[in-house]
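The sequence shown begins at 251 in my numbering and counts up one residue at a time. Where is the CB? At the ideal position from N, CA and C, for every residue including glycine. For reference, the structure is listed below as structure tokens.
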Amino acid sequence: MTDEQAIGRRRKANLLAKSHKYKSSSRNQRLLDWSIFITNISEDMVNAEHIMIIYRARWQIELLFKLYKSHAKIENLKGRSKPARVLCELYGKLCSVLIFHGLSNCVELANDREISLTKAFIELQKRSRELFLSITGRLNDLKQFLKKLIIDWGRFSLKDKYRKTRLSSLNTLKLLTIMA
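Spelled out as structure tokens, the structure:
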């Protein structure tokens, strides 16, 4: 970890401690110099920087599963006594999540912006009745609904721009694949 990163961590820890009316201990301050990752990959295969990137990507995957659980309600299945119904409902929810991700990739964004999947999913849930009506109507109604939804996602479902000094996980992975 660089000195700048450690200083940033200390600053953040001190602000948090101050907001909760306590002082960060000297032991805690020393520990902020470290990032510990336990892995069985040898150092000659992957360097420490790549391990950090991999763990950031893993965290993003954890956030996706949190989105699925809390908003798509993957774990809430009805008809637990009927295995066929449970599988049908689970497959339906997983298919809807895949379609959602496919649609979210259609959003055209500026280079420095990213879509917030949570905000986009909540927006889709708010419009679920409108989606249902467009599905049961003519094909053109569905096309119009999806076109408007994707445009609105690009305007209103963006990640907040609070982080100006660090690349997002997505952009870090893009750079990594370009360099490989």
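- Straight through space, the alpha carbons of residue 263 and residue 278 are spaced by roughly 9 Å.
- 8 Å or more divides the Cβ of residue 350 from the Cβ of residue 373.
- When DSSP states are grouped into helix, strand and coil, residue 327 belongs to the coil group.
- Note that the C-beta distance between residue 309 and residue 365 is not below 8 Å.
- Each residue's CA atom was taken as its position, placing residue 424 and residue 321 some 27 Å apart.
- The alpha-carbon of residue 284 is positioned some 38 Å away from that of residue 352.
- Between residue 327 and residue 340 the beta-carbon gap is near 6 Å, inside 8 Å, which marks them as a contact.
- Listed in chain order, the non-local C-beta contacts of residue 359 below 7 Å within the same chain comprise 365, 404, local neighbours out to five positions each way being set aside.
- DSSP, reduced to helix, strand and coil, places residue 426 within a helical segment of the structure shown.
- Of the other Cβ atoms in all chains shown, fewer than 16 fall within 10 Å of the Cβ of residue 296; this residue is therefore exposed.
- Measuring C-alpha to C-alpha distances from residue 299 to each of 395, 330, 252 identifies 252 as the nearest.
- Residue pairing from DSSP places residue 365 in a beta bridge opposite 408.
- Between residue 301 and residue 422, the C-beta gap is not smaller than 8 Å, which leaves the two residues out of contact.
- For the pair residue 282 and residue 420, the Cα-to-Cα distance works out to about 25 Å.
- Distance from the CA atom of residue 384 to the CA atom of residue 288, rounded to whole angstroms, is 50 Å.
- Taking each of 394, 332, 354, 275 in turn and checking the Cα distance to residue 369, the smallest one comes out for 354.
- Look at residue 272 here: in three-state DSSP terms it is coil, with no helix or strand label.
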